[in-house]
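Start counting at 1 in the sequence shown, then tack on 219, and there's your number in this note's numbering. Here is the structure we will look at, set down as structure tokens.
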Amino acid sequence: MATNLQTPIDYLKGVGPNRADLLRKELGIHTYQDLINLFPNRYLDRTKYFKINQLQRNAAEVQIVGKIIKFQEISQKRGKRLVATFQDETGTMELVWFRGQKWIRESLKLNTPYVIFGKTNWFNGKFNMPHPETELLSEHKQNLRSSMQAIYPSTEKLSNKGITNRVMTKIMQNLFLETNGRFVETLSENLLSELQLISKSDALFNVHFPKTSELLFKAEFRLKFEELFYIQLQLILKNLIHKSKIKGFPFESIGAHFNSFFKNNLPFELTNAQKRVLKEIRQDLGQNAQMNRLLQGDVGSGKTIVALMSMLMAIDNGFQACLMAPTEILSVQHYNGLKELCNNLKIRIKLLTGSSKTSERKKIHEMLENGDLDILIGTHALIEDKVKFKNLGLAVIDEQHRFGVAQRSKLWKKNTLPPHVLVMTATPIPRTLAMSVYGDLDISIIDELPPGRKTIKTVHRYDTNRLKVFRFIRDEIDKGRQVYIVYPLIQESAQMDYKDLMDGYESIARDFPMPKYQISIVHGKMKPADKEYEMQRFVKGETQIMVATTVIEVGVNVPNASVMIIESAERFGLSQLHQLRGRVGRGAEQSFCILMTSYKLSENSKTRLETMVRTNDGFEIAEVDLRLRGPGDIMGTQQSGVLNLRIADIIKDNDILQHARFHAKQLLKKDPSLRLPENAVILETYRQMGKYKNIWNYIS
Ligand code: ADP
Ligand code: MG
């Protein structure tokens, strides 16, 4: 009979209550199953033997054959250390013990061939190896060990309490002995044969005790595939359930407004990516399931026009639409932009923000409820309870990462059925991550910039080159261009940042004196109306320089601005830098981004700056960002247990993820409720996951 893998770890030979307790607390291992799923962090290659004269400083663990020719006890400040002189035919080195000296001295034989294994240090002109693993060469040869030795995740407490990697390996061996290494298969015959995967039992054995690196590779592939496959299965199922359960308003026809806009108002030809995305949206809106779509597109890729045309579809079907943006500046800009785009169309658009006057608000509320308003644009003010729509059919949210889930869900309650939701973001999430985290959202990607955009030239300059940079700015302004100069503003040190900003402003004002030069300044401490005034001066070209904090980060559009200077660039995150850079390069002229820093830079900052200089591709930048910060930090994915992967790596195993997603989709297409006998294994595994891991909690 197969061993029950839900058996508590206490019952395993070599564990016992104390170790069981530690394993539970330190590594979350409660059952046999948990232990078997404790996958090694890495492997040591024990097929190689080093000679003493080949040793290198700072090398990884090495394995050496030789003899101990002498023992010596050396007194030191606290206690003694035991030193053995170890020799092979190429030289000598020292083995050192700080603990357990008596036992070591008695158990190790002089002048007898041993294999030693461990990390070496370079000290006093000699290599030494503290607390080596030792094994008689004769026994070493007899032991059928796997050549790749697993190294398990550990904690300080575990190693302090004597649960070393050797002990872990031993415990794992006991588990395989007790279960005969036979485990229930968790993938279907079909998948195994189609993908040529090795069996579960073979995979588990070879991931813990790999016989060869080929087998290790196959074992890892099979286990990673399985892990990603079940996550994808779950996300896709959730999406299907959403679509079948949550009804929405079908927008059946394309009507007059859309067509008229398309014929008369479209100021440019849509890019292929924009057309594709519009098709995807159109298809969603035509169904009677609520649309829940994420639209990703790099800064400047033209998401706004897509949003507008989607809203026109709503209006043509007798519905209202709204567009929510995170800042007042951005809302105003959207309002002005959309009004201009809709020129001559009979579309009623209004703007509602925190600074809308009471009388104006009242009027808007009335118009909304009477159905006299087609499009409402604004900030959070849109989701206040007082704001009631007659018939909201589509809600567009710009720069979604600025809004919480709670705020978004408020929009859902604005009509009898939830409106369709289109969420737009210019902070691209790497595709891999998007697939795992937002697998339940549908995703559209604009992966093409409008034609004729010149790539922005990005350089990194040290503060000492400031004069040169100023000269460059002057030249650009002489050519009629405008310049942004941005300072960091981080909450914790807001006071200091404010001072930096003001000092910077003063020095710029000195170098760029009135009346020849006019400067706008915008920061978080200003009243919205003042901000707007300063912003408008810059938009209209009355000022040539805009000194600002990151309030201009999102969405601001001034095509004539061609230079973006970012002060203390090392203090910004990658996605922020990319967002800021996206404020220029919007016109026909060559644009520039200059990253100013001091000489003191961390490795991490250097990588960020180099990445910015190297590429303009938002997705590539997002990948680097993900690598630097880990998935936990990106866009509120912390809560998403989906990323607590056991064996797969969201970045490195992108290919496997694609396979897994593809096969999960295929499977559900053929057998949406997993009823076919051939999928019984999958259904059972899926249920078991829910039962024991509470995997449902993983998914937000
Ligand atoms: P984002 O995706 O960053 O929100 P916007 O929608 O603000 O980008 O578009 C950036 C600029 O590109 C705008 O000035 C817009 O008018 C212009 N634009 C958008 N689509 C096209 C296109 N297909 N051809 C030419 N210009 C376009
Ligand atoms: Mg935008």
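In this text, a Cβ means the ideal position worked out from N, Cα and C, and glycines have one as well.
In this structure, the straight-line span from the alpha carbon of residue 295 to that of residue 404 is close to 57 Å.
Residue 724 has no beta-bridge partner at all, per DSSP.
As a beta-bridge residue in DSSP terms, residue 294 pairs with 299. With distances taken between CA atoms, residue 594 lies nearest to 526 out of 644, 526 and 685. Nearest in C-alpha terms to residue 639, of all of 448, 272 and 503, is 503. When secondary structure is reduced to three states using DSSP, residue 567 falls in the coil class, being assigned neither helix nor strand.
The alpha carbon of residue 499 has as its nearest neighbour, out of 681, 663 and 577, the alpha carbon of 663.
Between the region 713-726 and the region 801-818, the count of Cβ pairs shorter than 8 Å is below three; the stretches do not touch. Between the region 884-900 and the region 450-466 there are three or more C-beta pairs closer than 8 Å, enough to call the two in contact.
Taking residue 707 as the centre and dropping the five residues before and after it, the same chain places the C-beta of 716, 719, 768, 769, 786, 787, 790 and 791 closer than 8 Å to its C-beta, in chain order. In the structure shown, the three-state DSSP call for residue 745 is coil. DSSP places residue 244 in the helix class (H, G or I) of the three-state scheme. Residue pairing for residue 350: DSSP places it in no beta bridge. Ranked by how close their Cα comes to the Cα of residue 470, the residues 440, 462, 530 and 488 have 530 in first place. In the displayed model, residue 481 falls within a helix according to three-state DSSP. In the three-state reduction of the DSSP assignment, residue 731 falls in the coil class, being assigned neither a helical nor a strand state. For residue 262, there is no enclosing alpha helix (DSSP H); the residue is part of the beta strand (DSSP E) that begins and ends at 261-264. DSSP places residue 328 in no beta strand (DSSP E); its state is neither H nor E. Not one heavy atom of ligand 1 sits closer than 7 Å to the Cβ of residue 764. In this structure, residue 492 has its CB at a distance of at least 7 Å from all heavy atoms of ligand 2.
Set against 7 Å, the gap from the CB of residue 778 to the closest heavy atom of ligand 1 is smaller. Secondary structure of residue 342 (DSSP, three-state): strand.
A check of alpha carbon separations from residue 804 across 870, 749, 817 and 668 identifies 668 as the nearest.
Annotation: the continuous beta strand (DSSP E) that includes residue 703 extends over 701-705. The beta carbon of residue 538 sits closer than 6 Å to those of 610 and 612, all from its chain and outside the five residues before and after it, given in chain order.
Assignment of beta-bridge partners to residue 369 by DSSP yields 262. Distance between residue 796 and residue 831, taken at the CA atoms: about 8 Å.
Remark: the shortest separation between the CB of residue 810 and any heavy atom of ligand 1 does not fall under 7 Å. Put simply, the backbone Cα of residue 512 is about 5 Å away from that of residue 641. For residue 604, there is no enclosing alpha helix (DSSP H), as DSSP marks it with neither H nor E. Inclusion of residue 617 in the 7 Å shell around ligand 2 follows from its C-beta lying nearer than that to a non-hydrogen atom of the ligand. For the set 467, 369, 440 and 264, the Cα lying nearest the Cα of residue 631 is the one of 467.
With distances taken between CA atoms, residue 237 lies nearest to 376 out of 259, 575 and 376. Assigned with DSSP and collapsed to three states, residue 821 falls in coil, not helix or strand. Taking each of 351, 728 and 264 in turn and checking the Cα distance to residue 430, the smallest one comes out for 264. Rounded to whole angstroms, the gap between the alpha carbons of residue 298 and residue 257 is 38 Å.
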